Every structure is written in structure tokens, then in C-alpha cells.
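Numbering (my numbering) for the sequence shown: 1 to 186. Using N, Cα and C, we set each Cβ at its ideal position, and we do this for glycine too. All figures in this text were calculated on a predicted structure; none of them were measured in a lab. Presented below is the structure to which this report refers.
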Amino acid sequence: MKLCTILFISLGFLLMLMSLFGLVGALKKSYEYIATFTVFIVLITTVEIGSSTATFSLRKIASHSVSARMVKTEHQYLFNATVANEWDSIQKRFACCGVHKPSEWYNVLGNGTVPDSCCIHPTEGCGNYSKNQSSIYEHGCSKKILSWMHKRQIYFGTTCNIFGFLQLVGGIFACSLASYIRVGAI
Numbered sequence: 001m002k003l004c005t006i007l008f009i010s011l012g013f014l015l016m017l018m019s020l021f022g023l024v025g026a027l028k029k030s031y032e033y034i035a036t037f038t039v040f041i042v043l044i045t046t047v048e049i050g051s052s053t054a055t056f057s058l059r060k061i062a063s064h065s066v067s068a069r070m071v072k073t074e075h076q077y078l079f080n081a082t083v084a085n086e087w088d089s090i091q092k093r094f095a096c097c098g099v100h101k102p103s104e105w106y107n108v109l110g111n112g113t114v115p116d117s118c119c120i121h122p123t124e125g126c127g128n129y130s131k132n133q134s135s136i137y138e139h140g141c142s143k144k145i146l147s148w149m150h151k152r153q154i155y156f157g158t159t160c161n162i163f164g165f166l167q168l169v170g171g172i173f174a175c176s177l178a179s180y181i182r183v184g185a186i
């Protein structure tokens, strides 16, 4: 979490610096500042379009990775408290049970039992699937999580494309302004 905070603060500083070059260049009618501003815009636009492309092209790899990780951690449920807490949190948040279906937990917990977090109304011992089938979430978590991820990937990719387009327009205007300043038309 600390790394993300540092990354976003650094990114904000760089964007502020970029904007400052554009502002000073426009106010002083300086070709060099406007040219530097344009280079910044081109670099940021390239990163945004690259992020968008990566988001859409790596979708299947991410899906496979998430499913494989879920299968692997499901078998660690009894032996790792962190894994158990994460599974319980996921199953409650997404209203699901198991990777693909509730019965997968039988191999892990035995005796027709699922974690209590699989219950529609969680109470102590409600995960005895053989007694309470109607009160257990019927759908696996994999499809629900992947659907949630895909929706956010679409939002992220589309946002990157929109901002990339807007910055491209800004870069064209900056090039035009730099050209006018260079020839002395402004």
C-alpha cells in the first residue's frame, strides 16, 4: 500500500511539473517550454494507450491466473488463517461458495461441509451443507470475481483511451502554439 501512495504522489508531482511547463510556456510565449510540454504529453499519452492495450490484451491471462490461484488457496483453507480470512471475505462479498461450486469444499473440509461464509445468513455451524442446502450460496466465486474484474478492466481501458485522446488533442494544440511562437506569429 505504501508503494502505491508513493507512486501516485510522484505521478501527481510529474503532472504538476508538466502543467507548469505548459503554463509558463504559454504566458512567456516560450518555444522551449511549449516543446517540453508537448514531449511530456506525448510520453503520457503513450503510457496511457499502452496501459489500455495491456488491459485488454492481458485479460485472458489474468482470468486464468485468478482461477488457478483460487484453486491453489482453497486447499490451504484449514492450514493458513490469512487464506481462510480472505476466502471468507470473498465468499461474503460476492455471495458465492467455492471456486466453481460449493461441493468443492467437501475435499477440503470433509463431511459435506462448507465454510460458514458460504451461508446466505452466516451463523456458527451453518456450513453443514447436507442439512442446510437451501441456505448456502449455490454459485462458485470464480465467475463472479472474473465478471467483476472484467467490468473494471473495461472501465480502466476506456478511461485511458478517452484521456489519451484528449491529451493527443492537447498535444496537437501545443505543437500548433509552438509553431506560431517559433515563426513569431504570436
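Segment contact: the stretch 15 to 24 against the stretch 40 to 47, three or more CB-CB distances shorter than 8 angstroms; contact assigned.
Ranked by Cα distance from L78, the options V66, G110, F13 and A54 are led by G110.
Annotation for N161: the continuous alpha helix (DSSP H) segment containing it runs C141 to V183. Taking one beta carbon from each stretch, the stretch 100 to 120 and the stretch 166 to 180 have fewer than 3 pairs nearer than 8 angstroms; the two do not touch. Straight-line measurement puts the Cα of L166 at about 19 angstroms from the Cα of A26. N80: not part of any alpha helix (DSSP H); DSSP gives it neither H nor E.
In terms of Cβ geometry, I34 and A174 form a close pair [threshold 8 angstroms]. Excluding five sequence positions before and after D88, the CB atoms of its chain that fall closer than 7 angstroms to its own CB belong to P115 and S117, given in chain order. Between Q91 and C141, the beta carbon gap of about 6 angstroms places them in contact (Cβ cut-off 8 angstroms). Proximity to T46 across V183, R182 and F163 peaks at F163, based on C-alpha coordinates. Of the residues assessed, V183 falls on the exposed side of the cut-off, its CB having fewer than 16 other CB atoms within 10 angstroms. DSSP places T113 within a strand segment (E or B) once states are collapsed to three. The continuous alpha helix (DSSP H) containing E48 extends over residues Y31 to S57.
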